[in-house]
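Quick note: to get the working numbering, add 78 to the position in the sequence shown (first position is 1). Positions of the beta carbon are idealized from the N, C-alpha and C atoms, including for glycine. Down below is the structure, laid out as structure tokens.
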Amino acid sequence: MSRSVLILVLGLALGLCLIGGFFDPQGLAQAWLAAWLTLGFLSLGTMALLMVHGLTGGAWGNESKHLWKALAAATPLLALALLPLLLFLGGLFPWMAPAETLPEVVRHKQFYLNAPFFIGRTLFYLTAWCLLAWWLVRPSPARRWHAPGLILWALTVTFFSYDWIMSLEPRFYSDIFGIERMVFGVGGAMALGLALGAKPLRSGVRLDLANLWLATLLGWAFVNFAQLIIIWSGNMPDEILWYLQRGAGAWGWVGRASVLLFLVIPFAMLLPTQAKRRAGWLRAAALITLTGYLLHSQWLIWPSLPATAWAWLLTPAAVVALVAFCLLGLGASHRQALFAPARQASQGADEATLSVRQEVRHENP
Numbered sequence: 079m080s081r082s083v084l085i086l087v088l089g090l091a092l093g094l095c096l097i098g099g100f101f102d103p104q105g106l107a108q109a110w111l112a113a114w115l116t117l118g119f120l121s122l123g124t125m126a127l128l129m130v131h132g133l134t135g136g137a138w139g140n141e142s143k144h145l146w147k148a149l150a151a152a153t154p155l156l157a158l159a160l161l162p163l164l165l166f167l168g169g170l171f172p173w174m175a176p177a178e179t180l181p182e183v184v185r186h187k188q189f190y191l192n193a194p195f196f197i198g199r200t201l202f203y204l205t206a207w208c209l210l211a212w213w214l215v216r217p218s219p220a221r222r223w224h225a226p227g228l229i230l231w232a233l234t235v236t237f238f239s240y241d242w243i244m245s246l247e248p249r250f251y252s253d254i255f256g257i258e259r260m261v262f263g264v265g266g267a268m269a270l271g272l273a274l275g276a277k278p279l280r281s282g283v284r285l286d287l288a289n290l291w292l293a294t295l296l297g298w299a300f301v302n303f304a305q306l307i308i309i310w311s312g313n314m315p316d317e318i319l320w321y322l323q324r325g326a327g328a329w330g331w332v333g334r335a336s337v338l339l340f341l342v343i344p345f346a347m348l349l350p351t352q353a354k355r356r357a358g359w360l361r362a363a364a365l366i367t368l369t370g371y372l373l374h375s376q377w378l379i380w381p382s383l384p385a386t387a388w389a390w391l392l393t394p395a396a397v398v399a400l401v402a403f404c405l406l407g408l409g410a411s412h413r414q415a416l417f418a419p420a421r422q423a424s425q426g427a428d429e430a431t432l433s434v435r436q437e438v439r440h441e442n443p
């Protein structure tokens, strides 16, 4: 896609956002937050994949790492796009209200949920992710830093999830919430990678990636089930209300559809071994999962927000604006990895073959 087209798309999307923001600034902030949380976890998930592959090695990541690096390279751009929301914290987070108006359970959390500390933590998360992305997209990142990098990634993603998602309803709390967001982001990132680049992969690599992807989806199901059981058995009103808001009415149907699309249908599609080797079948399953990912992201965020009509209308424009902004900011090689992955996959396969030969020579001088 040419830069002129991206500039035109970005200009149109931002223009729509600015027009809507003129009439409803808070609605624009809500839409921008929903769009960012939907796209941001895809980029964060690819960083985890790169670090796990850096630790373990294996053919499963050699042919996809160039595409993952392209997605991870968007992290600094997404970090920049999040900063304007720091100006709208008062309208997004209920804990920003005067202390005397807050429930007692929220007042007890104000040592953590206060604007200066919140902004400081956010800047730390974004800085850490930018440094990780800068290091990971290098040609040969040092292997010894993958384990510390993965630990830093897990901690920052966990607390970012607490801050920017869970604190939208400050009465709610779940220890498992951050883990669920991590696994969800990795599952979505794997689906996006397969949707974009399944065709040029070798059959055996498709099988490996499909198995890892299904394991990630099952892990997400387990974590969600554990969270539900813990909250149900605890029978605490503040935690139960979070599920009641998302289980009744239209949101209940959105939640069921998201689980069906994100987990159940792709899992059933990829149970046969031969299905995992077929690029078209694998891409179809990945696209279904991404649809479920989009639905589940909205199911998670919007019931916590007093959404207006403008917020709903501006969300698609915000998503398009963020995608165009990231594509425009990426280098030509990264855009090529996204839109023409065949050459990059071939290069990854050649690099893997060379690496194996070097290891054999080292073991048998």
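Review point. If you run the structure through DSSP and keep just helix, strand and coil, what is T386?
Key: It is coil, neither helix nor strand.
Practice item. Check whether the Cβ atoms of L158 and I197 sit closer than 8 Å, and answer yes or no. Key: 8 Å or more divides the Cβ of L158 from the Cβ of I197.
Point to revise | Buried versus exposed, by CB contacts within 10 Å (16 or more), V83 | key: Around the beta-carbon of V83, fewer than 16 other beta-carbon atoms lie within 10 Å, marking it exposed.
**Study point:** the segment 148-162 / the segment 172-181 touching (three or more Cβ pairs under 8 Å)
**Key:** Contact annotation: the segment 148-162 does not touch the segment 172-181, with fewer than three C-beta pairs closer than 8 Å.
Exercise for review: Note down the Cα distance separating R81 from Y321, rounded to an integer number of angstroms.
Suggested key: In this model, R81 and Y321 are separated by some 44 Å (Cα to Cα).
Review point. How long is the line joining the alpha carbons of L155 and F403, rounded to whole angstroms?
Key: Their backbone Cα atoms lie some 8 Å apart in a straight line.
Practice item. Please state whether DSSP places V398 in a helix, a strand or coil. Key: V398: helix per DSSP, three-state reduction.
Point to revise | Spatial neighbours of A427 in its chain, beta-carbon cut-off 6 Å, leaving aside the 5 residues before and after | key: For A427, the predicted model reports a pLDDT of 46, less than 50, meaning its position is unreliable; a value from the coordinates is still stated below. Within the same chain, E141 come within 6 Å of A427 by CB-CB distance, once the 5 residues on both sides are set aside.
**Study point:** Residue range of the unbroken alpha helix (DSSP H) whose run includes W320
**Key:** Following the DSSP letters along the chain, one finds W320 inside the alpha helix (DSSP H) bounded by residues 315-325.
Check your understanding: Given that a residue counts as buried once 16 or more other Cβ atoms are within 10 Å of its Cβ, and exposed if not, what is G93?
Key -> G93 is exposed by the Cβ-count criterion.
Point to revise | Where H186 falls: helix, strand or coil (DSSP) | key: For H186, the three-state secondary structure derived from DSSP is coil.
Review point. With C-beta atoms as the reference, is S239 less than 8 Å away from F255?
Key: The criterion of a C-beta distance shorter than 8 Å is satisfied by S239 and F255.
Point to revise | Cut-off 7 Å between Cβ atoms - residues of its own chain near V215, not counting five sequence neighbours on either side | key: K147, A150, A151, listed in sequence order.
**Study point:** For N140, the three-state DSSP class (helix, strand or coil)
**Key:** Of the three classes helix, strand and coil, the one that applies to N140 here is helix, per DSSP.
Check your understanding: Beta carbon of W173, beta carbon of S245: below 8 Å?
Key -> W173 is a Cβ neighbour of S245, given a cutoff of 8 Å.
Point to revise | Rounded distance between the beta-carbons of A109 and T393, thought under 8 Å | key: The C-beta distance from T393 to A109 rounds to 4 Å, short enough to meet the 8 Å contact threshold.
Review point. Under a three-way DSSP split, which group does A335 fall into?
Key: Under the three-state reduction of DSSP, A335 is assigned to helix.
Review point. What's the C-alpha gap between P226 and L133?
Key: The straight-line gap separating the alpha-carbon atoms of P226 and L133 is approximately 11 Å.
Check your understanding: Taking just the CA atoms, how far does M125 sit from W212?
Key -> The straight-line gap from Cα to Cα measures roughly 10 Å.
**Study point:** Inter-residue spacing [alpha-carbon to alpha-carbon] between L170 and L383
**Key:** The C-alpha of L170 lies about 7 Å from the C-alpha of L383.
Practice item. Run through the segment 141-219 for me and flag every whole alpha helix (DSSP H) of 4 or more residues, listed as ranges in chain order. Key: Uninterrupted alpha helix (DSSP H) stretches at least 4 residues long and entirely within the segment 141-219 occur at 143-150, 153-160, 167-170, 182-185, 193-214, given in chain order.
**Study point:** contact_flag[the segment 361-370, the segment 272-289] where n(CB pairs < 8 Å) is 3 or more
**Key:** Yes: at least three Cβ pairs fall under 8 Å.
Review point. With V337 and Q376 assumed to form a contact (beta carbons below 8 Å), what rounded beta-carbon distance in angstroms separates them?
Key: Not quite, the Cβ-Cβ distance comes to about 13 Å (not below 8 Å), so this is no contact.
Check your understanding: In angstroms, rounded to a whole number, what distance separates the CA positions of K354 and I366?
Key -> Linking K354 to I366 through their CA atoms gives a straight-line distance of about 15 Å.
**Study point:** W223 versus T234, V401, P381, L209, residue with shortest Cα-Cα distance
**Key:** When each option's Cα is compared against that of W223, the closest is L209.
Point to revise | Closest by C-alpha distance to L115, when choosing among I318, W242, A346 | key: Check the Cα spacing between L115 and each of I318, W242, A346: the tightest is with W242.
Exercise for review: Put L279 into one of helix, strand or coil per three-state DSSP.
Suggested key: Reduced to three states, the DSSP call for L279 is coil.
Exercise for review: May I ask you to report which of helix, strand or coil DSSP gives S411?
Suggested key: If DSSP states are grouped into helix, strand and coil, S411 belongs with the helices.
Point to revise | Buried or exposed (CB count within 10 angstroms, at least 16 for buried), F303 | key: Exposed, since its Cβ has fewer than 16 Cβ neighbours within 10 Å.
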